[in-house]
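Reviewing the structure listed below.
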Amino acid sequence: MSQLGWVLGVGILLLFSAISLYTATLLADCYRSPHPVTGRRNYSYIEAVNANLGETMCKICGWILYGNLTTFVIGYTITTAKSLVAIQKSNCHRKKGSNMPCRFSNNPHMIGLGIIEILLSQIPNFSKLSWLSALAAAMSFAYSLIGIGMSIQKIVKGAEGRTSIKGVAAGYEVGMSAADKVWRMFAAAGDIAFACSYAQVFIDIQDTLKSSPSENKVMKKASTIGVSIMTTFFLMCGCFGYAAFGNHAPENLLAGFGFHETSWIIDLANLFIVVHLVGAYQVLIQPVFRIVELWARKRWPESRFITTNYPIAGPTIMMSSKKKTLLSINLFRLTWRTVFVVMVTVVALALPFFTDMLALMGAIGYWPIVVFFPVEMHISINKIHRRTAKWFGLQLLSLVCFLLSLAAGTGAIQGLYKNLHTYKPFMSKD
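The sequence shown begins at 130 in our numbering and counts up one residue at a time.
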């Protein structure tokens, strides 16, 4: 918000939210094909693209979708580490005083998270743990409400810094040129796009609904409610945070409240973020694990290394009337998932740039996943003829979102490039 100002900040958030809601209604009709109510089910985003747009577009979508999910978990690794460092710094300041320098490396926390995710990734039925989504939602609401509440308290006590209709002006910081201002605005738009992206798991969620009433009607209603709540929370966090800190607003809102007698509340909020992201990491990356393992089983169906599961003693979960072992070892799953998590952790260690990574993730995923494929599937399902008014309208929407994503991507890449000139890889401290 500090980079965009009141007008563009609020406007872009509302624009992205409205576009996400509109394309969600298009995507809801793609769960079944060729008819949105009586057609065959598509159990994932990729299946919907394959059924409506063909194998070639499905392959293109797959590379984009799974690449985007991978960048998401890189961002989650960075964010989790920064939240843990924030708790560590808070404890340090409580012991040594608020004026004492307390800086800590992100690396141990990223490595620790990587180890935890390696262990969690070996649970074969992770997607069956339905309580995880409820826990993640509760954690998200909790830390958002804490951030909003602390911002309001700061405004009441006396906000610091001034706000602006246009955001931070060029020259506000030493060495900040007009070009830097533009790049930062683009990156800020990418951050907002990231926040408004949820189409990756939309079809998977719709697949959990009962067929009566029709899934597309229920999902459209749920999307309207969900996006409205999401947008309200984002507006409150952004607006109250900007009003509280002005142009000095930190990239992480919770990091700006300092260290005082109520800092335990901020620690609690950061802990909620950690719990949320540890679970969300696994939820988001399961499609990547699943597609690689499915490909491997089809490619080498006779390989015991790939196909054999070895159950081990451990907890069980109830599935219908039967008990099923929660823990089992598959040598390919153990090897592949471990290597994947290690690679994600190494990238996060090398590029721990919170804001620019979020912007890049938003830019990569927003246009193709949230806009392009839903629009093209809608055109295909409804047999909208080329060069008609509706066709031109949908293509214009797609073009505008492509240009916005392109601008956000260039801003994020410029920010990463600039940071790399002053940063030593694997030496990040906060």
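Even for Gly, the Cβ is constructed at its ideal location relative to N, Cα and C.
The model shown is predicted, which means the values in this text are computed figures rather than measured ones.
Beta-carbon spacing of G375, R291 below 7 Å:
Translated into positions along the sequence shown, residue 375 becomes position 246. Translated into positions along the sequence shown, residue 291 becomes position 162. Their beta carbons are under 7 Å apart, which means G375 touches R291 by this criterion.
Tell me the rounded alpha-carbon separation between G140 and A324.
On the sequence shown, position 11 is the one that residue 140 refers to. On the sequence shown, position 195 is the one that residue 324 refers to. Their Cα atoms are separated by approximately 14 Å.
Since L242 is in the alpha helix (DSSP H), which residue starts that stretch and which ends it?
Reading the sequence shown from its first residue, position 113 is the one you call residue 242. Note, L242: alpha helix (DSSP H), N236 to S250.
How about A488 and A541: are their beta carbons less than 7 Å apart?
In the sequence shown, the residue the question calls residue 488 occupies position 359. In the sequence shown, the residue the question calls residue 541 occupies position 412. It is a contact, given that the beta carbons lie within the stated cut-off.
Y160 bridges to which residues according to DSSP?
Taking the first residue of the sequence shown as position 1, residue 160 is located at position 31. Bridge partners of Y160: none, in fact.
Could you name the residues of the same chain whose beta carbon sits closer than 7 Å to that of T539, not counting the 5 residues immediately before and after it, in chain order?
Counted from its first residue, the sequence shown places residue 539 at position 410. Excluding residues within five positions, the ones whose Cβ falls inside 7 Å are F315.
Between which residues of its own chain and I175 is the CB-CB distance below 7 Å, once the five residues before and five after are set aside?
As a working note, residue 175 is residue 46 in the sequence shown. Hits under 7 Å: C187, C190, G191 and L194.
Close-in-space but distant-in-sequence residues of the same chain around G494 (CB under 6 Å, 5 per side omitted):
Residue mapping note: residue 494 aligns to position 365 of the sequence shown, counting from 1. The residues are N197 and S326.
S457 (DSSP reduced to helix, strand or coil)
Position 328 of the sequence shown, counting from 1, holds the residue named residue 457. Of the three classes helix, strand and coil, the one that applies to S457 here is strand, per DSSP.
How many angstroms separate the CA atom of K286 from the CA atom of A536?
Residue mapping note: residue 286 aligns to position 157 of the sequence shown, counting from 1. Residue mapping note: residue 536 aligns to position 407 of the sequence shown, counting from 1. A536 has its alpha-carbon roughly 38 Å from the corresponding atom of K286.
Taking contact to mean 3 or more Cβ pairs, one atom from each stretch, closer than 8 Å, check whether the region 224-242 and the region 500-510 are in contact.
no
DSSP-derived helix/strand/coil call for Y112:
Residue 112 lies beyond the stretch modelled for the chain, which goes from 130 to 559, so this question has no answer here.
Near M448, which residues of its chain fall below 6 Å by C-beta distance, leaving aside the five closest residues on each side in sequence?
Numbered from 1 along the sequence shown, position 319 holds the residue referred to as residue 448. Any answer about M448 is weak, because its pLDDT of 47 lies below 50 and its placement is not dependable; what the coordinates show is given next. Excluding positions up to five away in sequence, the list is empty.
In this structure, does DSSP put Y172 in helix, strand or coil?
Numbered from 1 along the sequence shown, position 43 holds the residue referred to as residue 172. Assignment of Y172 by DSSP, reduced to helix, strand and coil, places it in the coil class.
Where does the unbroken alpha helix (DSSP H) through N345 begin, and where does it stop?
What you label residue 345 is simply residue 216 of the sequence shown in a count that begins at 1. Counting along the chain, the alpha helix (DSSP H) containing N345 begins and ends at E344 to F374.
What does a CB cutoff of less than 6 Å around V303 pick up in its chain, not counting 5 residues either side in sequence?
Position 174 of the sequence shown, counted from the first residue, corresponds to residue 303. With a pLDDT of 46 at V303, under the threshold of 50, the modelled position of this residue cannot be trusted; read the value that follows with caution. If we look at V303 and ignore the five residues flanking it on each side, it has no Cβ neighbours.
Ordered along the chain, which non-local residues of its own chain (more than five positions away) have a Cβ less than 6 Å from that of I148?
Within the sequence shown, residue 148 is the residue found at index 19, counting from 1. Around I148: no qualifying Cβ.
So, at 8 Å on beta carbons, what are the nonlocal neighbours of Y172 in its own chain, with the 5 sequence-adjacent residues on each side left out?
Counting from 1 along the sequence shown, the entry for residue 172 is found at position 43. Within the same chain, Y172 has close Cβ partners I332, D333 and D336.
Considering only residues of the same chain and omitting the five flanking positions on each side of A177, which have a CB-CB separation below 6 Å?
For the purposes of this step, residue 177 is taken as the residue at position 48 of the sequence shown. Closer than 6 Å at Cβ, skipping near neighbours: C159, N171 and I332.
Given this structure, state the Cα-to-Cα distance separating Y410 from S341, to the nearest angstrom.
Position 281 of the sequence shown holds residue 410. Position 212 of the sequence shown holds residue 341. Rounded to whole angstroms, Y410 to S341 spans 32 Å at the Cα level.
So what does DSSP say about Y552, is it helix, strand or coil?
The sequence position of residue 552 within the sequence shown is 423, counting from 1. Under the three-state reduction of DSSP output, Y552 falls in the coil class, being neither helix nor strand.
Please report the Cβ distance between G296 and S527, rounded to the nearest whole angstrom; I am assuming they are in contact, meaning their Cβ atoms lie under 8 Å.
As a position in the sequence shown, residue 296 is number 167, starting the count at 1. As a position in the sequence shown, residue 527 is number 398, starting the count at 1. About 28 Å separates the two Cβ atoms, so there is no contact after all.
Within the present structure, is the beta-carbon of A147 separated from the nearest heavy atom of the ligand COA by less than 6 Å?
Ligands displayed in this structure: none; no statement on the ligand COA is therefore possible.
What first and last residue would you give for the alpha helix (DSSP H) that runs through T209?
Translated into positions along the sequence shown, residue 209 becomes position 80. T209 -> alpha helix (DSSP H) spans E184 to K225.
Output needed for L545: all residues of its chain with C-beta closer than 8 Å, excluding positions within five of it in sequence on either side, in chain order.
Counting from 1 along the sequence shown, the entry for residue 545 is found at position 416. So the list reads L480, F482, D485, M486 and L489, once near-sequence residues are dropped.
Quick one: grab the DSSP three-state call for P430.
The residue labelled residue 430 in the question sits at position 301 within the sequence shown. DSSP places P430 in coil when its eight states are reduced to three.
Determine the DSSP secondary structure at Y327, reduced to helix, strand or coil.
On the sequence shown, residue 327 is found 198 positions in, with the first residue counted as 1. Coil, per DSSP.
State the Cα-Cα distance for the pair Q282 and L274, rounded to the nearest angstrom.
In the sequence shown, counting from the first residue as 1, residue 282 sits at position 153. In the sequence shown, counting from the first residue as 1, residue 274 sits at position 145. The C-alpha of L274 is placed about 12 Å away from the C-alpha of Q282.
Taking the alpha carbon of C368 as the reference point, which residue from V347, S306 and I294 has its own alpha carbon closest?
For the purposes of this step, residue 368 is taken as the residue at position 239 of the sequence shown. The shortest C-alpha separation from C368 is found at I294.
In this structure, how does DSSP classify P416 when only helix, strand and coil are distinguished?
Along the sequence shown, one-based indexing puts residue 416 at 287. In the structure shown, P416 sits in a helix (DSSP, three-state: H, G or I).
Might you give, ordered along the chain, the residues of its own chain that have their beta carbon closer than 7 Å to the beta carbon of A266, omitting 5 neighbours on each side?
Here the question's residue 266 lines up with position 137 in the sequence shown. In its own chain, leaving out the 5 sequence neighbours on each side, no residue places its CB closer than 7 Å to the CB of A266.
Decide if H164 is buried, meaning its Cβ has at least 16 other Cβ atoms within 10 Å, or exposed.
Taking the first residue of the sequence shown as 1, we reach residue 164 at position 35. It counts as exposed.
Any idea if H405 is buried or exposed, counting beta-carbon neighbours within 10 angstroms, 16 or more meaning buried?
Here residue 405 corresponds to residue number 276 of the sequence shown, with the count starting at 1. That one is buried.
For P497, which of helix, strand or coil comes out of DSSP?
The residue given as residue 497 occupies position 368 in the sequence shown. Helix at P497.
Find out if the Cβ-Cβ distance for the pair F461, I435 is shorter than 7 Å.
Looking up residue 461 in the sequence shown gives position 332. Looking up residue 435 in the sequence shown gives position 306. Yes.
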